[in-house]
Structures are given as structure tokens and as C-alpha cells.
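Novice:
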Amino acid sequence: MVPGFIEWLETSIGRVPRIASKLGIFDHLGACKARWGIERMSFIVPPGLYAVGAPCAESPVIVTANYKMTYDIVRQALAGYNVWLLVLETYGINVWCAAGKGTFGTGEVVRRVTSSKLAEIVSHRRLILPILGAPGVAAHQVARRCGFTVSYATIRAADLPEYLDNGMVTTPAMRKLTFTWYERLVLIPVEVVLELKLLAVVSGIILLICTLFNNLSVGLTAFGAYTGAVLSGVALGPLLLPLLPSRSFAVKGAVIGAIWTLIYYLLTGASWNLCTKIAAFLALPAVSAFYTLNFTGCTTYTSRSGVKKEMRIGLSIMGCAVVIAILLLTLGRFA
Amino acid sequence: MTGFRYLEKVVTLEYSQPTCIGCGRCEEVCPHQVFVMNNKKASLIDKDACMECGACALNCPVKAITVESGVGCASGMINEWLREHKLGGISSGSCCD
Numbered sequence: 045m046v047p048g049f050i051e052w053l054e055t056s057i058g059r060v061p062r063i064a065s066k067l068g069i070f071d072h073l074g075a076c077k078a079r080w081g082i083e084r085m086s087f088i089v090p091p092g093l094y095a096v097g098a099p100c101a102e103s104p105v106i107v108t109a110n111y112k113m114t115y116d117i118v119r120q121a122l123a124g125y126n127v128w129l130l131v132l133e134t135y136g137i138n139v140w141c142a143a144g145k146g147t148f149g150t151g152e153v154v155r156r157v158t159s160s161k162l163a164e165i166v167s168h169r170r171l172i173l174p175i176l177g178a179p180g181v182a183a184h185q186v187a188r189r190c191g192f193t194v195s196y197a198t199i200r201a202a203d204l205p206e207y208l209d210n211g212m213v214t215t216p217a218m219r220k221l222t223f224t225w226y227e228r229l230v231l232i233p234v235e236v237v238l239e240l241k242l243l244a245v246v247s248g249i250i251l252l253i254c255t256l257f258n259n260l261s262v263g264l265t266a267f268g269a270y271t272g273a274v275l276s277g278v279a280l281g282p283l284l285l286p287l288l289p290s291r292s293f294a295v296k297g298a299v300i301g302a303i304w305t306l307i308y309y310l311l312t313g314a315s316w317n318l319c320t321k322i323a324a325f326l327a328l329p330a331v332s333a334f335y336t337l338n339f340t341g342c343t344t345y346t347s348r349s350g351v352k353k354e355m356r357i358g359l360s361i362m363g364c365a366v367v368i369a370i371l372l373l374t375l376g377r378f379a
Numbered sequence: 018m019t020g021f022r023y024l025e026k027v028v029t030l031e032y033s034q035p036t037c038i039g040c041g042r043c044e045e046v047c048p049h050q051v052f053v054m055n056n057k058k059a060s061l062i063d064k065d066a067c068m069e070c071g072a073c074a075l076n077c078p079v080k081a082i083t084v085e086s087g088v089g090c091a092s093g094m095i096n097e098w099l100r101e102h103k104l105g106g107i108s109s110g111s112c113c114d
């Protein structure tokens, strides 16, 4: 089943599915579900060659991934154009992540060009690739192995019409990454959903231990404190990214965690003893720091070496903070 | 990237200008404008903006660029480290597993 299928287009090498540029209600619903992590890994379209509009031998060939959200964004952007869309097998992963893994890669480009008999359909020898696919594709190798030259066109699919109208020339703006509030906001639901399982286990253990050694009220307070610290690190840290101080994600996370701890203390902390206060302000920011540091995987401006450095220094500080906090809580309980 | 800068002086990107043949691929693939073309040679103008994605190195036909690229999130790197030490991975269902 090909999403957006209109009809079969007869070509010299056989039938090619012609697909719509307008998305339907189920496309939007599917994207919404994927954003929340529901059936995200099976949100996929078959790889191969597709026709948008009424392409001919001279029409451009645009290459993309087979994550359905990616496929939908690209075909929607191409409304009103006559182009070929070559969808690579990236196992339902977006262009950027698939390029990092190498599935949006040189080998797959060559394989898909060959298996779709592209050279018999088009008279030119040019492939248009997304710029964020470049970490997986060696343009000179593609040219050597299948005769097609690669043009890295734009970062965003939304810029493709301007690129095509502009005589297939990339403007500096098309090459510039952004990370807007909206772009960060849409990433957060899936981040929260992916952490829910671990959060439920750890916060459950905290609830149990604190209830056993104290009472249910203390258990619930600790449960709320930890859950808030995780959510602050997973959701608020990324969302407020440019407002939080420092370039380090761990520091940004610790700051949002400290703010959370302060708010929680003002709301529920009237009965906290000194040990509890110190423990809360040590452990909770450490937990938030870890989760905000993890968000480096979702950005497109953090380097692996930078994350390594943050982990080398940060993980030991976070670990120490948590251990000292546990010791203090034990001390406060039995002193 | 306007408004966002990551840690300074950590990037492993290395570039040998004498090797450059001036094809311009590095400038074309870099989303952070780390390279610009000057007099038919690429110049490395903003090393600290590099996110180590590896696109420039992979697309350089004369291997004038090297960079250690790879997974950049904490849980992905912890999993990588655990696998290297044959301790199994913690599957949190994250994208980098």
C-alpha cells in the first residue's frame, strides 16, 4: 500500500506510482501518533521510485528517506511540481539519523538508482539530495559507481520549491540550520514517552523505599520530586534551551533542575530537615542534568567530542551528588 | 547556527589546505558554515561550530579533512561503551540503540 497513491504512471521501464502532494487526515493523524511514539517504528513507506505531478525524462530526481513523516513532508512541499521522488530504504528512520547510521548512504543510493532503472527513465544524470543526508553519502563515490552526480540542495524540504525555481542553486539561507521553539517543542512528546518506562520503575522504587522507611506522605513527596526532576530535564530543559545559562547541556539541565527543586521545596518542603534540603538540592538537579545532557542526541549543533567531555566531567559529578544525597537522607532518618 | 553555540576547543576536525583541490563539497554539505571557498581553496573559518557529523570528510574526494564522527547523545554513548565492554546495552527504546 503506497500512501497518497493516485494512479499508475506508465513509463518505458514499467509502472511507477503517481502520488498526491496533498496530505489526508490519516497522514496528519499518523504524524501526530509518531510524534507521541505510537507505532513510530512502523511509520514507513516502501522504498523505490515515485512520480509527483507529471514528470518526464528531463524532470529532476529528488532523493529522500522512507520514514513516512519525511516522505509526507517532501511530497507536500513538492505540490505543483513535476519531479521524480527516489525513496531510499532507511528502515523508517529520518534522513539525518539514517545518514548518521549509514543507511541513508552511498550504497543505498547506488542500489536504489540501479534497481529503479533510473538511468532509463531520465535523460539527465543528477540526483538532488537533502543536505542533512551528506554525513552518509560520498558524492564522488555515487558518481563513480552509478554515473549520477549528487547535488546537496537544501536542509528543509520546504525550501525545495525555491531551490527548483532558483535554477537548482542553493542560497545561503537554505544551508543554514535553525532550532526554533516549535522545532524543539515537537521533539519533546516522544522524548517524554521514551523515558516513561524507566521513570515508572525508578520512581516506583523511590516511592516504595521512602514509604517503607518513613511513611506514605514522605514516599509521595519523594516520588513527586524525582518525577518532576526527570520531566524538567527531559521537557523543560530542551524547550528553554536558549534561555538557560552556559553552553553545557549538563549545566543547563542542572539549572532547570535547581529551579524545579526550589519550586517544589517552596510548595511542599515546610517539614524538610536540613539533610533533606541539602539532599534535594544535590540529587534533583543532577537527575535533570543527566536528562538534558541526553537531549544532545536530538540537536544538530552538538559535537560528539563535546558530549564526551560533558559526560567525562558531568557523570562523575552527577553520580557523587546522588550518592551524597542518599547518605544524607539515610543520616537524616537515623540520626 | 544563530543563537546556539556548543562547547569550544573540543572538536576533532582537522583540515589540510595544501591537499585541497577546491571542489567546494565541504562548503556545500556543512550546515554550520565551517568552511568557505577562497581563491579556489577551502578555508576552515569556524572550527568550534562543527558538530562532527562527518559530511565534509566523507564528501572530500582527496581526504583533506578528518573528523571523529558518531552518535552524540549520552544514552547512545553509554550503550556504545557498555557494548564495547561486553556488558550488554540498556535498551531504553531510544533512537540510537
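Sequences listed follow chains B and F, in order.
As numbered in my numbering, residues 45 to 379 make up the first sequence, in order.
As numbered in my numbering, residues 18 to 114 make up the second sequence, in order.
For every residue, glycine included, the Cβ atom is placed at its ideal position computed from N, Cα and C.
Only a predicted model underlies this, so the values are computations on that prediction, with no experimental measurement involved.
1. Can you tell me whether Arg-100(F) is buried or exposed? The criterion is at least 16 other CB atoms within 10 Å of its CB, across all chains shown.
2. Nearest-angstrom Cα distance between Met-362(B) and Ala-333(B)?
3. By how many angstroms is the C-alpha of Ile-63(B) removed from the C-alpha of Trp-80(B)?
4. Apart from the five residues just before and just after Val-187(B), which ones in its own chain have a Cβ nearer than 6 angstroms to its Cβ?
5. Do you know offhand how far Cys-90(F)'s Cα is from Cys-319(B)'s?
6. I'd like to know if Asn-55(F) contacts chain B, where contact means its C-beta is closer than 8 angstroms to some C-beta of that chain.
7. What residues match up with Arg-62(B) in a beta bridge as DSSP calls it?
8. So for Arg-22(F), helix, strand or coil by DSSP?
9. Can you pull out the residues from the region 339 to 360 of chain B whose beta carbon lies closer than 9 angstroms to at least one beta carbon of chain F?
10. Is it buried or exposed for Lys-383(B), if we count other Cβ within 10 angstroms and need 16 for buried?
11. Spell out whether any CB of chain A is found under 8 angstroms from the CB atom of Pro-179(B).
12. Can you give me the Cβ contacts of Gly-341(B) inside the same chain, cut-off strictly under 6 angstroms, excluding the 5 residues immediately before and after it?
13. Quick one: grab the DSSP three-state call for Ile-62(F).
14. Look up Asn-55(F) in the DSSP assignment and say whether it is helix, strand or coil.
15. When the Cα of Gly-144(B) is compared with those of Ile-175(B), Gly-124(B), Ile-117(B), Phe-378(B), which residue comes out closest?
16. If you count every other CB in all the chains shown that lies within 10 Å of the CB of Asp-203(B), and 16 or more means buried, which is it?
17. Kindly indicate the opening and closing residues of the alpha helix (DSSP H) around Trp-304(B).
18. Taking the alpha-carbon positions, what's the Glu-31(F) to Ala-269(B) distance?
19. So which residues on chain F does His-184(B) lean against when the C-beta distance must stay under 9 angstroms?
20. Here's a check: name, in chain order, each residue in its chain whose Cβ is nearer than 6 angstroms to the Cβ of Phe-325(B), leaving out the five neighbours to either side.
21. My guess is that Glu-227(B) and Phe-293(B) are in contact by the Cβ rule of under 8 angstroms, so how many angstroms apart are they, rounded?
22. Hey, is Glu-45(F)'s beta-carbon within less than 8 angstroms of any beta-carbon in chain B?
23. Using three-state DSSP, classify Ile-82(F) as helix, strand or coil.
24. Give the straight-line distance between the Cα atoms of Glu-206(B) and Ala-78(B), rounded to the nearest whole angstrom.
25. For a test of the three-state rule: what should DSSP assign to Tyr-32(F), helix, strand or coil?
26. Does Leu-61(F) have its Cβ less than 8 angstroms from a Cβ in chain B?
27. So with CB distances below 9 angstroms, who are the chain B contacts of Pro-48(F)?
28. With a 10 Å radius around its C-beta and 16 neighbouring C-beta atoms as the bar for buried, classify Ser-290(B) as buried or exposed.
29. Would Thr-224(B) be called buried (16 or more neighbouring beta carbons within 10 Å of its own) or exposed?
30. What do you reckon, are the CB atoms on Val-46(F) and Ala-72(F) nearer than 8 angstroms?
31. Determine, using beta carbons only, whether Glu-102(B) and Ser-167(B) come nearer to each other than 8 angstroms.
32. Assuming Gly-136(B) and Met-85(B) form a contact by the criterion Cβ under 8 angstroms, report the distance between their Cβ atoms to the nearest whole angstrom.
33. Hey, does Ala-91(F) have any beta-carbon neighbour from chain B nearer than 8 angstroms?
34. Using a beta-carbon distance cut-off of less than 9 angstroms, what residues from the region 274 to 293 of chain B approach chain F?
35. Using the rule of at least 16 other Cβ atoms within 10 Å of the residue's Cβ for burial, across every protein chain shown, is Ala-244(B) buried or exposed?
36. Just reading off the beta strand (DSSP E) that Ile-172(B) is part of, what are its end residues?
Specialist: According to the structure data:
1. Here residue 100(F) refers to the residue found at position 83 of the second sequence. The residue is exposed, with fewer than 16 neighbouring Cβ atoms inside 10 Å.
2. In the first sequence, counting from the first residue as 1, residue 362(B) sits at position 318. In the first sequence, counting from the first residue as 1, residue 333(B) sits at position 289. The alpha-carbon atoms of Met-362(B) and Ala-333(B) are separated by roughly 8 angstroms.
3. Here residue 80(B) is taken as the residue at index 36 of the first sequence, counted from 1. Here residue 63(B) is taken as the residue at index 19 of the first sequence, counted from 1. Rounded to whole angstroms, the separation of the alpha carbons of Ile-63(B) and Trp-80(B) is 26 angstroms.
4. Indexing the first sequence from 1 puts residue 187(B) at position 143. Note that residue 187(B) is Ala in the sequence shown here, rather than Val. Setting aside the 5 residues that flank it on each side, Ala-187(B) is surrounded in the same chain by Thr-193, each with a C-beta closer than 6 angstroms to its C-beta; the list follows chain order.
5. Along the second sequence, one-based indexing puts residue 90(F) at 73. Along the first sequence, one-based indexing puts residue 319(B) at 275. Rounded to whole angstroms, the gap between the alpha carbons of Cys-90(F) and Cys-319(B) is 33 angstroms.
6. Numbered from its first residue, the second sequence carries residue 55(F) at position 38. No, because no Cβ of chain B sits closer than 8 angstroms to the Cβ of Asn-55(F).
7. Counted from its first residue, the first sequence places residue 62(B) at position 18. In DSSP, Arg-62(B) forms a bridge with Glu-51(B), Ala-95(B).
8. Mapped onto the second sequence, residue 22(F) falls at position 5. Here Arg-22(F) sits in coil by DSSP.
9. From the region 339 to 360 of chain B, only Phe-339, Thr-340, Gly-341, Cys-342, Thr-343, Thr-344, Tyr-345, Thr-346, Ser-347, Arg-348, Ser-349, Gly-350, Val-351, Lys-352, Lys-353, Glu-354, Met-355, Gly-358, Leu-359 have a Cβ closer than 9 angstroms to chain F.
10. Outside the shown range of chain B, which is 45 to 379, sits residue 383(B), and nothing can be said about it.
11. As a matter of chain content, chain A is missing from the structure shown, whose protein chains are B and F.
12. Along the first sequence, read from residue 1 onward, the residue named residue 341(B) stands at position 297. In its chain, beyond the 5 residues on either side, no residue has a beta carbon closer than 6 angstroms to the beta carbon of Gly-341(B).
13. For the purposes of this step, residue 62(F) is identified with residue 45 of the second sequence, where counting begins at 1. Three-state result, Ile-62(F): coil.
14. As a working note, residue 55(F) is residue 38 in the second sequence. The answer is strand: DSSP assigns Asn-55(F) an E or B state.
15. Locating residue 144(B) in the first sequence gives position 100, counting from the first residue. It is Ile-175(B).
16. Sequence index remark: in the first sequence, residue 203(B) carries index 159 (1-based). In the assembly as shown, Asp-203(B) is a buried residue. Its beta-carbon has 16 or more other beta-carbons within 10 Å.
17. Here residue 304(B) corresponds to residue number 260 of the first sequence, with the count starting at 1. Its alpha helix (DSSP H) spans residues 293 to 312.
18. Here residue 31(F) is taken as the residue at index 14 of the second sequence, counted from 1. Here residue 269(B) is taken as the residue at index 225 of the first sequence, counted from 1. Rounded to the nearest whole angstrom, the CA to CA distance from Glu-31(F) to Ala-269(B) is 45 angstroms.
19. In the first sequence, the residue the question calls residue 184(B) occupies position 140. Within chain F, the residues near His-184(B) are Cys-40, Arg-42, Asn-76, Cys-77, Pro-78.
20. Counting from one through the first sequence, the residue named residue 325(B) turns up at place 281. Spatial neighbours of Phe-325(B) in its own chain (CB-CB distance under 6 angstroms, excluding positions within 5 residues in sequence) are listed in chain order as Thr-305.
21. For the purposes of this step, residue 227(B) is taken as the residue at position 183 of the first sequence. For the purposes of this step, residue 293(B) is taken as the residue at position 249 of the first sequence. The C-beta distance from Glu-227(B) to Phe-293(B) rounds to 17 angstroms, too long to fall under 8 angstroms, and the pair is not in contact.
22. Counting from one through the second sequence, the residue named residue 45(F) turns up at place 28. Yes, Glu-45(F) counts as interfacial toward chain B.
23. As a working note, residue 82(F) is residue 65 in the second sequence. Under the three-state reduction of DSSP, Ile-82(F) is assigned to strand.
24. Within the first sequence, numbered from 1, the residue matching residue 206(B) stands at position 162. Within the first sequence, numbered from 1, the residue matching residue 78(B) stands at position 34. Cα to Cα, Glu-206(B) sits roughly 28 angstroms from Ala-78(B).
25. For this step, residue 32(F) is matched to residue 15 along the second sequence. For Tyr-32(F), the secondary structure class from DSSP, reduced to helix, strand or coil, is strand.
26. Mapped onto the second sequence, residue 61(F) falls at position 44. By this cut-off, Leu-61(F) is not an interface position.
27. The residue you call residue 48(F) lines up with position 31 of the second sequence. The contacting residues are Ile-175, Leu-176, Ala-178, Ile-199, Arg-219, Lys-220, Leu-221, Thr-344, Tyr-345.
28. In the first sequence, the residue the question calls residue 290(B) occupies position 246. Exposed is the label assigned to Ser-290(B), since fewer than 16 other Cβ atoms lie within 10 Å of its Cβ.
29. Along the first sequence, one-based indexing puts residue 224(B) at 180. By the 10 Å Cβ count, Thr-224(B) comes out exposed.
30. Translated into positions along the second sequence, residue 46(F) becomes position 29. Translated into positions along the second sequence, residue 72(F) becomes position 55. In contact: Val-46(F) and Ala-72(F) (Cβ atoms closer than 8 angstroms).
31. In the first sequence, residue 102(B) corresponds to position 58, counting from 1. In the first sequence, residue 167(B) corresponds to position 123, counting from 1. The answer is yes: Cβ separation under 8 angstroms.
32. As a working note, residue 136(B) is residue 92 in the first sequence. As a working note, residue 85(B) is residue 41 in the first sequence. Their Cβ separation, rounded to whole angstroms, is 6 angstroms, which keeps Gly-136(B) and Met-85(B) in contact under 8 angstroms.
33. Here the question's residue 91(F) lines up with position 74 in the second sequence. Among the CB atoms of chain B, one or more fall inside 8 angstroms of the CB of Ala-91(F).
34. Considering only beta carbons, the part of the region 274 to 293 of chain B lying closer than 9 angstroms to chain F consists of Leu-285, Pro-286, Arg-291, Ser-292, Phe-293, in chain order.
35. Your numbering for residue 244(B) matches position 200 in the first sequence. Result: exposed.
36. Within the first sequence, residue 172(B) is the residue found at index 128, counting from 1. 170 to 173 is the span of the beta strand (DSSP E), which, as asked, contains Ile-172(B).
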